[in-house]
Every structure is written in structure tokens, then in C-alpha cells.
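Quick mapping for you: the protein sequence lines, in order, are chains A and B.
Everything in the first sequence is counted per full-length UniProt numbering, starting at 1 for the first residue and increasing by one.
Everything in the second sequence is counted per full-length UniProt numbering, starting at 1 for the first residue and increasing by one.
For glycine and all other residues, C-beta sits at the position ideal for the given N, C-alpha and C.
Since the structure is predicted, the reported quantities are computational estimates derived from the model, not experimental observations.
A short worksheet on the structure shown next.
2 protein chains.
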Amino acid sequence: MNLKQLSHMLSLSQTTVSRALNGYPEVNEETRRRVMDAAKRHGYRPNPSARRLATGKSGMIGYVLPTGNAVDIDPHFVEFLSGLGDYARSHELDLVLSPADADDQETTYRRIVANRQVDAVYISSPRPADRRLALVNTLGIPFIVHGRSEGFDFDYPYLDIDNEGAFHEAARLLVQLGHQRLALINGDDRETFAIHRERGVRRALAASGLTLGERHICSLTMTEENGYRAARRLLEESEAPTAIVCSSLIMALGVVRAVRDLGLTIPGDLSLIAHDDVFPWLRPENFPVPLSTTRSSIRLAGARVAERLAARISGLEEGARGEVWPVDLVVRGSVAGAPA
Amino acid sequence: MNLKQLSHMLSLSQTTVSRALNGYPEVNEETRRRVMDAAKRHGYRPNPSARRLATGKSGMIGYVLPTGNAVDIDPHFVEFLSGLGDYARSHELDLVLSPADADDQETTYRRIVANRQVDAVYISSPRPADRRLALVNTLGIPFIVHGRSEGFDFDYPYLDIDNEGAFHEAARLLVQLGHQRLALINGDDRETFAIHRERGVRRALAASGLTLGERHICSLTMTEENGYRAARRLLEESEAPTAIVCSSLIMALGVVRAVRDLGLTIPGDLSLIAHDDVFPWLRPENFPVPLSTTRSSIRLAGARVAERLAARISGLEEGARGEVWPVDLVVRGSVAGAPA
Numbered sequence: 001m002n003l004k005q006l007s008h009m010l011s012l013s014q015t016t017v018s019r020a021l022n023g024y025p026e027v028n029e030e031t032r033r034r035v036m037d038a039a040k041r042h043g044y045r046p047n048p049s050a051r052r053l054a055t056g057k058s059g060m061i062g063y064v065l066p067t068g069n070a071v072d073i074d075p076h077f078v079e080f081l082s083g084l085g086d087y088a089r090s091h092e093l094d095l096v097l098s099p100a101d102a103d104d105q106e107t108t109y110r111r112i113v114a115n116r117q118v119d120a121v122y123i124s125s126p127r128p129a130d131r132r133l134a135l136v137n138t139l140g141i142p143f144i145v146h147g148r149s150e151g152f153d154f155d156y157p158y159l160d161i162d163n164e165g166a167f168h169e170a171a172r173l174l175v176q177l178g179h180q181r182l183a184l185i186n187g188d189d190r191e192t193f194a195i196h197r198e199r200g201v202r203r204a205l206a207a208s209g210l211t212l213g214e215r216h217i218c219s220l221t222m223t224e225e226n227g228y229r230a231a232r233r234l235l236e237e238s239e240a241p242t243a244i245v246c247s248s249l250i251m252a253l254g255v256v257r258a259v260r261d262l263g264l265t266i267p268g269d270l271s272l273i274a275h276d277d278v279f280p281w282l283r284p285e286n287f288p289v290p291l292s293t294t295r296s297s298i299r300l301a302g303a304r305v306a307e308r309l310a311a312r313i314s315g316l317e318e319g320a321r322g323e324v325w326p327v328d329l330v331v332r333g334s335v336a337g338a339p340a
Numbered sequence: 001m002n003l004k005q006l007s008h009m010l011s012l013s014q015t016t017v018s019r020a021l022n023g024y025p026e027v028n029e030e031t032r033r034r035v036m037d038a039a040k041r042h043g044y045r046p047n048p049s050a051r052r053l054a055t056g057k058s059g060m061i062g063y064v065l066p067t068g069n070a071v072d073i074d075p076h077f078v079e080f081l082s083g084l085g086d087y088a089r090s091h092e093l094d095l096v097l098s099p100a101d102a103d104d105q106e107t108t109y110r111r112i113v114a115n116r117q118v119d120a121v122y123i124s125s126p127r128p129a130d131r132r133l134a135l136v137n138t139l140g141i142p143f144i145v146h147g148r149s150e151g152f153d154f155d156y157p158y159l160d161i162d163n164e165g166a167f168h169e170a171a172r173l174l175v176q177l178g179h180q181r182l183a184l185i186n187g188d189d190r191e192t193f194a195i196h197r198e199r200g201v202r203r204a205l206a207a208s209g210l211t212l213g214e215r216h217i218c219s220l221t222m223t224e225e226n227g228y229r230a231a232r233r234l235l236e237e238s239e240a241p242t243a244i245v246c247s248s249l250i251m252a253l254g255v256v257r258a259v260r261d262l263g264l265t266i267p268g269d270l271s272l273i274a275h276d277d278v279f280p281w282l283r284p285e286n287f288p289v290p291l292s293t294t295r296s297s298i299r300l301a302g303a304r305v306a307e308r309l310a311a312r313i314s315g316l317e318e319g320a321r322g323e324v325w326p327v328d329l330v331v332r333g334s335v336a337g338a339p340a
């Protein structure tokens, strides 16, 4: 049964039926109930075109996907997508990925907004003063930032985890265990999450009068190979660190390999803590020595981003609410007191 | 500048301008050139709505995304998406992910086709007699299958890699190195790729009068943990295999961990070959012992699927062409002669 047939059966206009199904106040309660009952009885579900007709909404949320030969999508995206997709399904929302040149995403944002192709967008991996954020804020489309930017004179809605707090706690534990030479193997430090993590480590060190040496901090794409290279370089120095905090589980695999290649052990020679987005393919408790982690489920974040986008589309959420999730510090066998 | 302004400036109807920009034969060459010149001069690019108006096309390709608590999206999807997105961008196509209950995808396929929401769809991870394939074939929307099904009495367009050939070659090499007890740690054997890989291994063994023991074959979600568990069980048997062929690099990580936990070595006690979709986050040459692989880039497959979908949408590709890519066998340190 389609909208036309349902309307005909009820002797109502298609517009009235659509509005009734979408809860518009112009439709009186009795009519609304009659329409809902008939829709239920005949298994009618409004399709996006009908919904669009009635509400001006597309039933789609958008994401501008940076692409190009030099661009790799982080594998954790599949977990974010699982969470987002699971919520979106239950609310009959689709996700439009609009591929864009990584260096020119503005054209694509303008296009999808101008075309009313999507009802809302989310932005991920933001940087300080992120131009995408300034742009969507101007364009007036509902949006949520997954992560945070910095340096704007306006507020905006976001969902972030407490990256600074998490890495502060991790570094603080290591300092309390007697480690004085810490290193940070970080992700791309043009992005806010990495800046916040570095800030957390520096703050924990400063509280004990320690500093993060210039050579003890690396900013890299989070692959196994980069983790290996960074760890080898760090551990072959004369003033090698006795503890490493690392921004990804996949990079931590490379750190573990470097430690083994150099004939060292975890945690005897090196304590290691890594961030875990909760990735079912690779579990920190299954590392050769169970890996201590700062842990936050990126799948739950995906679901929450979808939930808030849906709320913004329907007007249930307004304003610039920031939401910051605390992060667990999970201690396993990979940390110990500093070697004498 | 939008379509209306451009049309007004040229004193042409919007339909004529749209058709000229989209190369419709009804528009004469002189008008077409005049429109194209003006569009270029004023930086006008047809937006999807205009394109839709002129061509009846949405400029979107669709993918029905299975979701649910029990569903994990394989991390290699990010690489497929990178390739697909990169091609789609250059052809101004967006990708719509329509989340569906993993056990009831039919409703979603019917909806996106009925709404003309997308111009074409692709299907991934097909099974024999896959109902999604039968359905889209009936619905009459252009489609490509990434992978292959089996057991249909009609042909359909697909792009697949030679999974049977790849695993045949891998197993044949191991047999020639003197291995008589092989094991296969496979992915979900309800899917065709896994069935083809098993077939390849069995064929190689049969050629030397060998068989794959019932207990020497596992079908699992391709996580590190499952690779570990399967390998431990296999290697602790009395008739333990001396060689393992494994369907994923991430599972192979778990195999390597099991071998180490048991105090065994690769390739002294066990030869290992795994399939590599070419995943920049984890490289087989960086395994503790460099890992031999059957190798095929899933990113290139993503780009090719997008290319063929675009060709089918524009009518440049028709019919049921199957395309099967050969797979490289890359021999590294993880294989050696069978232990005496």
C-alpha cells in the first residue's frame, strides 16, 4: 500500500495523511488516530519521498568523506559506523557519504546543503579552528561534531571523549610507578584529539617537575609500521624512555614488535599503555603481555552521534551542547615500576 | 550561480540547459556549446537536484548495510570504501548506506529501489543462492556483486578475485614443500569466498592423494582472538598440522601468538600463509617472521566496483559480465619444508 492508496481509502488528501503520520499539529487528533490505525492495519510505512513531501526532510544524514590516494580511512571507522548504523536503522535514517577531495571539502559541504540532500551532518577528526565547522555553522544545517575543535568564538554541539583526562591519568600512573622518562607516540597532532592527549601527558609530568623531551614525542598515522619505527628510534637512544603512552592499539602492536626485536621485555624494560577504541578484531587483553589501555567505545559514540542528529533534525535538541565522556583506565600486565 | 540564473542569462528553458549540460542528443550542438561555455565562465556546476530533474538520476549509489548488536563490519571495509570513494568523487557520485536488520534486508532493498533513491547498488559478501541477488535482479535496478554467488540459473554482473585459485596455489606450494597435514582457518563458510578457498585447498591436496581432515578446518569471524583459539586447538592435537592456510591477516596475528605461546616457531614447526587484502595498517612483511600471503588489493576492487556501477548507470556497460582478478602468491619467510 502506498500513500496514494492509503489517502484514497481514507478519503483524505495525501498531504493530510502525510502530516498526520508525521505528527503535524495542523491535523486534529481524531484524524491523526484514524490515519495511524489505517496505516498500521494495512502495513503502510511512509517512504522517504512521502516523508520529504510532507516534512521537507530527506531522512538522510550526511558525512563528507575525505578521499584521495594519500588518504587512508582509519579502521576504527567500521566500529563507529556499526554504532551509527544500528541507531539510524531503528529511526529509518540513511547515511550519505559524499566523497570529497581531502584538501577541498567546502565545495561538497555547500553542495549537499544547497541541495537539501541531507537533514544534518556530522564532522569527525576536527582540528583547532576547523574550517568545516565554521562553514556548517554558517550554512545553518543541523550538525554534531564527533570530537572537538578549539579557538572559535561561538559554541557548537559536539560529542567527545576526555582525551586530555585519559592521557593525564595514564601518565600520572606511570610517574607514580617511578618512571621519569616517558614518551608519547601520538596520532596526527594537527587534530584536536592528539593535542589534548599531549596536553594530558605534559600536565601529569609537570605535576612532578618532569617534562616531555622534544625527541620523546612522535606524531604519526596510526599504523603498526609507524608504531614500530617510532618505538625503535625511541628505545635505541641513550636516554631511552622507560614508559610509552601510545594513541592506538594498532600502533601498540608495532611497539611490542620493536621491544622484542631489541631483546627487551614488557614490562621489565618498558611499560606501555595504549588507547583502545574497543575494536573486536584486536583485543588488548590478548597481547603477548596483556596491554593496559585507556578505553572508550567508538561504537557507542557512533550510536550517540546518530541519536543526537536525529534529535536535532526533529527539533528535540537545540543549542550548542557539548558532551564529554570520561575514559576508563584499564590496568593490565604491561605496566610496572620503573627499572632500577 | 544556479540553474535558474544560468537559464535566464541564456534565455533558454531550465530543461534545455540541463539537457545540454548532460549531453542529451535533443539539444543541438551550437546550443550545447553556448551552454557549456556559459557554465564554465560562471563556475556553474549542475547540482544533483538539477541533474535529477534533467536525467531522472539521483547521482547516488546504494549499499544496504547489515547492522545489529551481533554484526561487526570487517575492518577491510575502510579500504574498499577508500577505493570506491576515490572513484565516486571524480564522477560526482555519492554513496548511500541504508542500514538494515541483518536478517531482513529485503524491505530495505525494496524501499530504496521504489523511492528511486539510488541509481544502482552493489552487494558484498554474497552467499550461494543469495536472496539479495535474486531480489535486485528482479527489481531491475543496475547492480554489481562484489564477490560471487552460486546456484542461480541466470547470469549477473560481478567482480571477484580468484579465491579458489589463490588458495589452491598456496596449498600446492605447501604440499610441494613436503607438508602432508594442512589446516585451513577460514572465514564464515556460509559465504562464497570461504567456500571457494576451501575448494582450492582441497583440490591441491587431492592432486597428491591427500585430504583435509574434518578437524583441520575452521570457519570463524576473522578476529585475532579467533585465529589464536583455532591455532591453539589445531596445534595441541596429536596429529597437529605442519602448515596452516588462513583467510585473514588479523587472524594470522592470533596464529602467530598461539605458536609463540606453545613454544613453537615459524617456519620451523609450522608454515603459515594468509590472505592479505592489502591493509596499510598492518603489513605482512612486518610480522615477526615475514608472512607469506595471497594478495589482492580490496581498495582497487572498491574503485573498480564504483567504475562499473557508473558505467552501468550511464548505459556504457550492459549484460552480465563477470570479472575475476588473479591473486598474487607472495612467498616470504613464514614457509619452509615440512619438519622431519
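Could you please give the first and the last residue of the uninterrupted beta strand (DSSP E) stretch that includes residue i?
i	result
A:Asp-37	Taken as a continuous stretch (DSSP letters only), A:Asp-37 belongs to no beta strand (DSSP E), being part of the alpha helix (DSSP H) at 29-41.
A:Ser-82	Counting along the chain, A:Ser-82 falls outside any beta strand (DSSP E), though it belongs to the alpha helix (DSSP H) covering 77-90.
A:Leu-182	182-186
B:Tyr-122	120-124
A:Ile-217	217-219
Could you tell me which residues DSSP pairs with residue i in its beta bridges?
i	result
A:Pro-157	Note: A:Pro-157 sits in no beta bridge, so no partner.
A:Val-96	A:Gly-62 and B:Val-96
A:Leu-272	A:Ile-244
Could you give the DSSP three-state label for residue i: helix, strand or coil?
i	result
A:Thr-138	helix
residue 343 of chain B	This structure gives no information on residue 343 of chain B, because the portion of chain B shown stretches from 1 to 340.
A:Phe-279	coil
A:Asp-130	coil
B:Ile-250	helix
A:Ala-146	Residue identity differs from the one stated: residue 146 of chain A is His in this sequence, not Ala. Looking at A:His-146 - three-state DSSP - the assignment turns out to be strand.
A:Ile-195	helix
A:Asp-104	strand
A:Arg-295	strand
A:Thr-211	coil
B:Thr-67	strand
A:Val-113	helix
residue 390 of chain A	Only positions 1 to 340 of chain A appear in this structure, which leaves residue 390 of chain A out of reach.
B:Asp-74	coil
A:Thr-55	helix
B:Glu-285	helix
A:Leu-205	helix
B:Asp-261	helix
B:Val-256	helix
Below 8 Å CB to CB, which residues in the same chain sit around residue i once its five sequence neighbours on both sides are set aside?
i	result
B:Ile-73	Leu-65
A:Leu-282	Leu-249, Ile-250 and Leu-253
A:Ala-336	Leu-177, Pro-267, Gly-268 and Ser-271
B:Pro-128	Ser-149, Glu-150, Gly-151, Thr-192 and Ile-195
B:Val-118	Ser-58, Met-60, Ile-61, Gly-62, Val-96, Ile-112 and Ile-141
Terminal residues of the continuous alpha helix (DSSP H) containing residue i?
i	result
B:Arg-165	Rather than Arg, the amino acid found at residue 165 of chain B in this sequence is Gly. 163-176 is the extent of the alpha helix (DSSP H) around B:Gly-165.
A:Leu-329	Counting along the chain, A:Leu-329 falls outside any alpha helix (DSSP H), though it belongs to the beta strand (DSSP E) covering 328-330.
B:Ile-298	298-313
A:Arg-19	14-21
B:Trp-7	According to the sequence shown, residue 7 of chain B is Ser rather than Trp. Start and end: 3-10.
A:Arg-229	224-235
Skipping 5 residues on each side, what residues in its chain have a beta carbon closer than 7 Å to that of residue i?
i	result
B:His-179	Thr-242, Ala-243, Ser-271 and Ala-338
A:Glu-92	Gly-59
Which same chain residues, not among the five before or five after residue i, have their C-beta less than 6 Å away from its C-beta?
i	result
A:Ser-297	Val-278
B:Pro-326	Asp-162
A:Arg-172	Ala-204
B:Arg-229	none
The segment 77-108 of chain A: which residues have C-beta closer than 7 Å to a C-beta of chain B, in chain order?
Per Cβ criterion, the list reads Phe-77, Val-78, Leu-81, Ser-82, Gly-85, Asp-86, Ala-88, Arg-89, Asp-94, Leu-95, Val-96, Leu-97, Ser-98, Pro-99, Ala-100 and Asp-101.
Please list the residues of the segment 242-268 of chain B that have a C-beta atom closer than 8 Å to any C-beta atom in chain E, keeping them in chain order.
The structure shown contains no chain E; its protein chains are A and B.
Any residues in the segment 306-322 of chain B with a beta carbon nearer than 7 Å to a beta carbon of chain A? Which ones, in chain order?
With the criterion set as a beta carbon lying under 7 Å from some beta carbon of chain A, the segment 306-322 of chain B has no members that meet it.
Please list the residues of the segment 153-184 of chain B that have a C-beta atom closer than 7 Å to any C-beta atom in chain A, keeping them in chain order.
The residues in question: there are none.
Just by C-beta distance, which residues in the segment 276-289 of chain A are closer than 7 Å to chain B?
Listed by position along the chain: Pro-280, Trp-281, Leu-282, Arg-283, Asn-286 and Pro-288.
At a Cβ cut of 7 Å, what residues of the segment 215-228 of chain B count as close to chain A, listed as they run along the chain?
Taking 7 Å as the upper bound on Cβ-Cβ separation, chain A lies near residues Thr-223, Glu-224, Glu-225 and Tyr-228 of the segment 215-228 of chain B.
Between the segment 61-73 of chain B and chain A, which residues of the former have CB atoms less than 8 Å from a CB of the latter, in chain order?
So the close ones are Leu-65, Thr-67, Gly-68, Asn-69, Val-71, Asp-72 and Ile-73.
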